[in-house]
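In order, the protein sequence lines correspond to chains A and B. In short: position in the first sequence from 1, add 6, done, that's the working numbering. In short: position in the second sequence from 1, add 6, done, that's the working numbering. Structure first, then comments.
Number of protein chains: 2
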Amino acid sequence: MSVQERKQRERAERERLIVATARELAEQQGWDAVTTRRLAERIEYSQPVLYSHFRGKREIIGAVALDGAAEMAAALRAATAAEDGPHARVTALARTYLDFAARNPAVYDAMFELDGGLAFAHEDTPQPLKDGFAALLETLDQVAGDGVHPGLFTEVFWAALHGLATLTRAGRLPPEDTGTRVALLVDRLAVA
Amino acid sequence: MSVQERKQRERAERERLIVATARELAEQQGWDAVTTRRLAERIEYSQPVLYSHFRGKREIIGAVALDGAAEMAAALRAATAAEDGPHARVTALARTYLDFAARNPAVYDAMFELDGGLAFAHEDTPQPLKDGFAALLETLDQVAGDGVHPGLFTEVFWAALHGLATLTRAGRLPPEDTGTRVALLVDRLAVA
DNA sequence: CCGAAATCCTAGCACTGCTAGACAAGCGAG
DNA sequence: CTCGCTTGTCTAGCAGTGCTAGGATTTCGG
């Protein structure tokens, strides 16, 4: 049995390599450069190997997205835990969110811009995505205000952050004023 | 000279046909289905004709985006003009924006999601885009609040709308609560 | 009416995601 | 240890993509 276990381990290892390589390549040269051929060459296997791990390119993007979601959730929790008071925590949350999106554009694209074939807002939503939303909710819950459903408030706040992230990265918003925009957003949306 | 004029007219007419057909096809079957071959077949010309009007597919997407921006700006102005009072106008603005995005997903994608090769936030930004932003600013200017730069406020509000639009359409947010989200957003962001 | 110029199309390139079928390596059974 | 078989991998290829070179056809000006 040990032989099979080793094989399974190696297979899982290779799968992680595929995802990590795809992410790296996307971050370096953009998702357009992530072709099955280039990806296969980088992991030093032939293309069909990719399809023995994933149904197709979409699923690879989806895997990168899940990794990213877990990472982002951890970053958000770490950033908010270091702050005192709801207002400071929300500010830190927003800054960290936008910072993550700016520093990992390819991963952010995999999560929200590209089609990774992931389910959302259903019971069959993958755990890391649920957890990412939960990380937002934990902090935003405290500033939703009376009579406002925390989940709905989180959705609105998240949408605002998402809009800022995407529009800034696409060159639609000048990046210099990000700090001011965050301050305005937090001051208005979050009730003490 | 009349002959040349007629030719120019026909050329312009054909260009409009290309853009309209691209938009129609994208709205019917998604942008993935808008290939140069299919598009060429629909306008009953060969592919190279497309390239005598546009540098490439990107520019076609850009042309659809510009059309859409003009349309959206008109819709926003019409909707806000019919309302009395700043709060009602902002609400109408937000509703109209999200409604436009929901009803014309392909056009909205061309404007913001896809790369149409358009410049933004510079002096060489095409006029319809500037005008779209101006349409937002006209209404939001009234509710920015004291000491808040109207342009910056508009950017934040716009980002929030954009986030709601994209996340809803991608299935990330349940569509039922759109009205509630808009109400929350307007109530908090807009200062009476 | 005829040469020149503008217009358009056929054919093809390099690339994409994805897959069938050949091939080799490693396994368990005798 | 050897034989058959499963398992894993690769080569080669398909249909489709955006885009373009070069030839054919139409249309214009003299």
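We put the beta carbon where it would ideally sit given N, CA and C, even for glycine.
If you check the CB distance, B/W164 and B/L142 come in under 8 angstroms.
In the three-state DSSP reduction, A/A176 falls in the coil class, being neither helix nor strand. The DSSP-derived three-state label of A/V40 is coil. When Cβ-Cβ separations below 8 angstroms define contact, B/E161 makes contact with chain A. With its beta carbon at least 8 angstroms from every one in chain B, A/V96 lies outside the interface.
Rounded to the nearest whole angstrom, the CA to CA distance from A/A140 to B/H128 is 38 angstroms. Of all residues in the region 183-195 of chain A, the ones placed with a Cβ closer than 7 angstroms to any Cβ belonging to chain B are D183, T186, R187, L190, L191, R194 and L195, in chain order. Taking C-alpha positions only, A/A46 is separated from A/V70 by approximately 16 angstroms. Non-local beta-carbon contacts of B/L179 in its own chain, meaning distances under 6 angstroms to residues more than five positions away in sequence, involve L173 in chain order. Between the region 74-93 of chain B and the region 143-157 of chain B, the count of Cβ pairs shorter than 8 angstroms is three or higher; the stretches touch.
Sixteen is the threshold: when 16 or more other Cβ atoms of the shown chains lie within 10 Å of the Cβ of B/H168, as they do, the residue is buried.
When C-beta distances to chain A are compared with 8 angstroms, every residue of the region 71-103 of chain B stays at or above that value. The count of Cβ pairs closer than 8 angstroms, one atom from the region 47-58 of chain B and one from the region 19-37 of chain B, reaches three, so the stretches are in contact. Our two residues, B/T41 and A/L120, have alpha carbons roughly 19 angstroms apart in a direct line.
For A/H93, the uninterrupted alpha helix (DSSP H) run begins and ends at P92 to R109, by DSSP.
Annotation: the region 111-151 of chain B contains the following complete segments of the alpha helix (DSSP H) (minimum length 4 residues), in chain order: 111-114 and 133-146.
It is roughly 53 angstroms from the alpha-carbon of B/A98 to the alpha-carbon of A/I49. Residue A/A116 holds the alpha-carbon nearest to the alpha-carbon of A/D38 among A/T102, A/A116 and A/P181. Short of 7 angstroms from the beta carbon of B/F159, and not among the five residues preceding or following it, lie these beta carbons of its own chain, in chain order: L146 and A150. Going by DSSP, B/Y57 is part of the alpha helix (DSSP H) stretching over Q53 to H59. Less than 8 angstroms divides the Cβ of A/A107 from the Cβ of A/Y114. With 16 or more other Cβ atoms from the protein chains shown falling within 10 Å of its own Cβ, A/E161 counts as buried. Listed by position along chain B, the residues whose Cβ is nearer than 8 angstroms to that of A/G169 are W164, A165, A166, L167, H168, G169, L170 and T172. One Cα belongs to A/D90, the other to A/V192, and the distance between them is close to 15 angstroms.
A/E65 and B/H59 have their C-alpha atoms some 37 angstroms from each other. Counting along the chain, no alpha helix (DSSP H) covers A/E50, and no H or E run does either. Residues of chain B whose Cβ lies closer than 8 angstroms to the Cβ of A/L56 do not exist; the shortest such Cβ separation is about 21 angstroms. Separation of A/F118 and B/A112 (C-alpha to C-alpha, rounded to the nearest whole angstrom) is 17 angstroms.
For A/E89, there is no enclosing alpha helix (DSSP H), since its DSSP letter is neither H nor E. At least 8 angstroms separates the CB of A/V40 from every CB of chain B.
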